Amino acid sequence: MTQFASPIIVVEQQKKALIGSWIVTINAPGLEPSRALFIFNEGGTLVGSTHTDFNLEQQLACTAGHGVWQHQGGRTFSYT
């Protein structure tokens, strides 16, 4: 007997696929790649931490941040 997951269960599983801690590489035009740790929480919030040297030329430094994330559908998510 073959069982199929209902569409509602699949969508809920996809929404939860991002929840957890992720080590990512950030590639921004004109900058050296940097690594970051993002923690995506079940309620749609996130916290992040990067290790970046201060760049005097571009006056850029990133350390910690927070925001929100949202499931856009399938394997697509957005965050601010």
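The letter at position 51 of the sequence shown is residue 48 when you use the working numbering, and the numbering goes up by one with no holes. Every residue gets a Cβ at the ideal spot worked out from N, C-alpha and C, and that includes glycine. Everything numeric in this text was worked out from a predicted model, so none of it was measured.
C-beta atoms of residue i and residue j nearer than 8 Å
{"i": "alanine 61", "j": "glycine 41", "result": "no"}
{"i": "isoleucine 16", "j": "leucine 34", "result": "no"}
{"i": "isoleucine 36", "j": "proline 30", "result": "no"}
{"i": "glycine 64", "j": "threonine 47", "result": "no"}
Given residue i as reference, the closest of the options once Cα atoms are compared
{"i": "asparagine 38", "options": "Thr47, Pro30, Ala14", "result": "Ala14"}
Residues bridged to residue i [DSSP beta-bridge criterion]
{"i": "arginine 32", "result": "Thr22"}
{"i": "leucine 43", "result": "Phe37, Gly64"}
{"i": "glycine 70", "result": "Thr73"}
{"i": "glycine 17", "result": "Phe37"}
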